[in-house]
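For what it's worth, the numbering used here labels the leading residue of the sequence shown as 782, then goes sequentially. The beta carbon of each residue, even a glycine, is placed where N, CA and C say it ideally should be. Fair warning: this is a prediction, and the values are worked out from it, not measured in the lab.
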Amino acid sequence: MELREERLTRYIEPLREGGSLPALAEAGDGFKYVVKLRGAGHGSKSLIAELIGGMVAKAFKFNVPELVFLELSGLFGITEPDREIQELLRKSEGKNLGLHFLGGAYTFDPEVNEIDPLLASKIVWLDAFLENVDRSRQNPNMMIWKKDLWLIDHGASLYFHHSGRDAAEAALDPFPYIRNHALLPKADRLEEADKLMRQAITPRTLNKIVDLIPDVWLIDDESGKTPSQIRDDYKLFLTTRLANSSIFVRQAIYEKGQGPYVSPLRGKWV
782 MELREERLTR YIEPLREGGS LPALAEAGDG FKYVVKLRGA GHGSKSLIAE LIGGMVAKAF
842 KFNVPELVFL ELSGLFGITE PDREIQELLR KSEGKNLGLH FLGGAYTFDP EVNEIDPLLA
902 SKIVWLDAFL ENVDRSRQNP NMMIWKKDLW LIDHGASLYF HHSGRDAAEA ALDPFPYIRN
962 HALLPKADRL EEADKLMRQA ITPRTLNKIV DLIPDVWLID DESGKTPSQI RDDYKLFLTT
1022 RLANSSIFVR QAIYEKGQGP YVSPLRGKWV
């Protein structure tokens, strides 16, 4: 499991729709990418969440834009007149993350566009598993491209890593924020989705995805841990959460109004 590496060659424009101010740019392979920049907002943690979230979604066979490591040189975007953006680019020199630009895609509207209930349930499961707080009705982060549904922008996943919470403890979070998910009203097959999703991925695959995180994204972590130790935390979180998926599935069923609330006690439902 690996990602291609390309060098950014042409800055096109900032994408001001995103809170982290990603850029639209072209790389040496001639393709356009939405570039998530290390110097923005939450820094490398946002890129880590995007990498893990996108690759996990891909492992589950969802349509996800190709992820590519993108090298940004000191002269990249030098003609950009906005001083704020220039400062952001200078803080982002080195390895960043790009998503293949889906030219001509349009936003999926959960109120208008139809979706199969099982697929909706699988996407809700995925976002509860990743603790992705950013697939709401106001900002679904789903696109229609070439008549297919594509999932984009997983940078708000794994929010536990911003708080310094213990990874094993965080993995047992029931994730009540799922109540805001754009597809929860249409997710009528959550228990079936849980069974299928748990069968579709292994701890080994999750560990391989985490191993993709570059050291340079981990060395500025404020925890004082080594890159290897930080990767172990992500692995512990993901594998523990997979093994205890019933916690967040039952929470989603409750938030949907289809089941009683059952409080978690020491990671077990009673």
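Residue closest to residue i, alpha-carbon to alpha-carbon, out of the options
i	options	result
N961	R819, I1034, R871 and V914	V914
D934	A838, E786, L999 and E892	A838
L993	P795, Y814, V849 and K842	V849
M978	D810, A1033, F841 and L1017	F841
K876	P984, P795, G855 and I1028	G855
L880	E847, L907 and P862	E847
D897	L784, K967 and L971	K967
M782	L999, L899, I1034 and K989	K989
R1031	L965, E1003, T983 and I1011	L965
N920	F812, T983, P891 and D969	P891
E895	G1038, P862, S873 and A963	A963
F1018	P984, V893, F812 and D1001	P984
Cβ neighbour criterion (16 or more within 10 Å) applied to residue i
i	result
E950	exposed
M836	buried
S825	buried
Y814	buried
D947	exposed
I829	buried
V845	buried
S1009	exposed
R1022	buried
CB contact flag (residue i, residue j, <8 angstroms)
i	j	result
L932	M923	yes
L930	F889	yes
G936	K817	yes
L853	L789	yes
S902	A981	no
F1029	F941	no
P795	A804	yes
A1033	A886	no
W906	L971	yes
For residue j and residue i, the rounded distance between their alpha carbons
i	j	result
L939	A806	26 angstroms
Q867	R819	13 angstroms
I904	L878	23 angstroms
I959	T860	42 angstroms
L953	I793	42 angstroms
D1013	T1020	10 angstroms
D996	E786	15 angstroms
S827	V991	14 angstroms
L883	W926	7 angstroms
E1036	S1026	16 angstroms
T986	K1016	10 angstroms
L784	A1024	27 angstroms
R864	G858	11 angstroms
H823	S944	12 angstroms
A821	L870	9 angstroms
L851	S917	28 angstroms
L899	D969	7 angstroms
G834	F843	11 angstroms
I1011	S873	21 angstroms
G1038	V893	22 angstroms
F812	K928	21 angstroms
D1001	P862	29 angstroms
R791	T1007	34 angstroms
Residue i beta carbon near the ligand SAM (any heavy atom closer than 7 angstroms)
i	result
E865	Inclusion of the ligand SAM in the displayed structure is not the case, the ligand content being empty and no account of it being possible.
*asked:* What ranges does the beta strand (DSSP E) occupy inside the stretch 846-873, keeping only unbroken runs of at least 3 residues that lie completely in it?
replied: Taking only runs of at least 3 residues, the beta strand (DSSP E) segments lying wholly in the stretch 846-873 are 848-853.
*Curious, which full-length beta strand (DSSP E) runs of at least 3 residues does the stretch 927-975 contain?*
929-932
*beta strand (DSSP E) segments (min. 3 residues) lying fully within the stretch 902-928*: 923-926
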